[in-house]
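Q:
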Amino acid sequence: MARYGMLININKCNGCYSCFLACRDEYEGNDYPPYSLAQPTEGKSWMKVIEKERGVTPKVKVDYIPVPCLQCSDAPCINKSPNGAVYRRPDGIVIIDPEKARDQREIISYCPHRLIYWNEEKDIPQKCTFCAHLLEKGWKEPRCIEACPSGALVFGDLDNPNSEISKLVASFKTEELNPAFNLKPNVRYIDLPKRFIAGEVVLGDHQSECALGIKVILTDGKESLDCKTDSFGDFEFDGLETSRKYTVRVEHKGYEPSEQEVVTYSDLNLGVIELIPDKKTTKKTNEKTTNRPAKKPSQKMSKKSIKRAGEKTRS
Ligand code: SF4
Ligand code: SF4
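For the sequence shown, numbering that gives the first Met the number 0 gives the first residue as 0, with consecutive numbering after it.
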């Protein structure tokens, strides 16, 4: 028997809401007993897309996080529900029985992720079913997966090592939404948004030029990352932990390094970091230039050059 799960790659999600619309199209006005009754025309959808904005102008990022029922392995909605109103199918899908759950508004509070919604018209709690009625008809995936144009959603059997989802889970670092709840969800994510540090580097003696290819090093005392500024002089480190102390160091030959300590309580824009020419290097260069013997007038000047030099003197 399969154990169904979903893998959601945030990097691939462009926020088109096709998954949301496919879910509404499948369930609005349509009953699929014994798994679900029609979704209300107004109210919450079972596949929601959270728009998450990070940073402050001018360094702003927007990510989209599609969130169905997370199909938890340790599901409090099952454990707390009386009379078996919420149960798990042998393939792992958690179902709210629309008949047994009728009038039990308290069931919506059993999901700490807040992914059970109350249907006022029918007096029942509802949520995503992984389109169980379609899987029984032979469909290989729910409607939201089929509708996603970017491949951000992958569905399949987590117990089959040859399934696409199992291979992806094995090769990527996957995460769960709200890990503090520790409910072992079978919906997992790749690249959930984290903290980022960004900034811009300029060279003090070339301020009108973009400082391309300047090395920026980020360290937390144990590990370090580095990157180079792009053609606008911008740099960025994404995927960082929250509330962690980092040192940001900018280095470039011939300039004094710049170093600052920051803590990622929020996303950080360090603004413009100006590198000042290194006085020692500049002094050495000047000394070299001063000590160099004066160049003797060239004995090999062409007639043309002599003529030009003469013309210059006359004027
Ligand atoms: S996400 Fe909520 S509704 Fe879904 S299985 Fe987990 S606890 Fe239950
Ligand atoms: S359909 Fe795919 S790309 Fe569009 S919002 Fe949903 S997950 Fe993201």
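Ideal Cβ placement from N, Cα and C applies to all residues, glycine included.
Being a predicted model, the structure only gives us computed values, none of them experimental.
Just to check, is the beta-carbon of P39 closer than 7 Å to a non-hydrogen atom of ligand 1?
A: Reading the sequence shown from its first residue, position 40 is the one you call residue 39. For ligand 1, not one heavy atom lies less than 7 Å from the Cβ of P39.
Q: Where does N78 sit, in a helix, a strand or coil, going by DSSP?
A: Translated into positions along the sequence shown, residue 78 becomes position 79. If DSSP states are grouped into helix, strand and coil, N78 belongs with the helices.
Q: Are there any heavy atoms of ligand 1 lying less than 7 Å away from the beta-carbon of K126, as far as the coordinates show?
A: Locating residue 126 in the sequence shown gives position 127, counting from the first residue. Because some heavy atom of ligand 1 lies under 7 Å away, the Cβ of K126 counts as near it: yes.
Q: Quick one: what does DSSP say A37 is sitting in, helix, strand or coil?
A: Against the sequence shown, residue 37 aligns to sequence position 38. Note: A37 maps to coil in three-state DSSP.
Q: Quick one: is the Cβ of C18 within less than 7 Å of any heavy atom of ligand 1?
A: Counting from 1 along the sequence shown, the entry for residue 18 is found at position 19. C18 Cβ: outside cutoff for every heavy atom of ligand 1.
Q: Measuring alpha carbon to alpha carbon, tell me which residue in A100, P148, G150 is nearest K126.
A: Position 127 of the sequence shown, counted from the first residue, corresponds to residue 126. Closest by alpha carbon: A100.
Q: When we look at the beta-carbon of R104 and count the other beta-carbons within 10 Å, is it buried (16 or more) or exposed?
A: Mapped onto the sequence shown, residue 104 falls at position 105. That one is exposed.
Q: Would you check whether ligand 2 has a heavy atom nearer than 7 Å to the C-beta of N13?
A: Stepping through the sequence shown from its first residue, residue 13 is reached at position 14. Yes, the beta carbon of N13 sits closer than 7 Å to at least one heavy atom of ligand 2.
Q: Pick out every residue whose C-beta is nearer than 6 Å to a heavy atom of ligand 1: which are they, in chain order?
A: Matched residues: C68, L69, Q70, C71, A74, P75, C76, V93, C110, H112, L114, I115, K126, L182.
Q: Can you check which of these residues, Y264, E258, Y254, V262, is closest to L274 by C-alpha distance?
A: For the purposes of this step, residue 274 is taken as residue 275 along the sequence shown, with counting starting at 1. Minimum Cα distance to L274 is reached at Y254.
Q: Please find out if some non-hydrogen atom of ligand 2 comes closer than 7 Å to the beta-carbon of V48.
A: Here residue 48 refers to the residue found at position 49 when the sequence shown is read from its first residue. Correct: V48 has its Cβ closer than 7 Å to ligand 2.
Q: Out of E199, E52, P184, D90, which one is the CA nearest neighbour of E235?
A: Locating residue 235 in the sequence shown gives position 236, counting from the first residue. Checked all of E199, E52, P184, D90; the closest Cα to E235 is E199.
Q: Is P97 helix, strand or coil by DSSP?
A: Walking along the sequence shown from the start, residue 97 turns up at place 98. P97: coil per DSSP, three-state reduction.
Q: Who does F234 pair with in a DSSP beta bridge?
A: If you number the sequence shown from 1, residue 234 lands on position 235. Per DSSP, G198.
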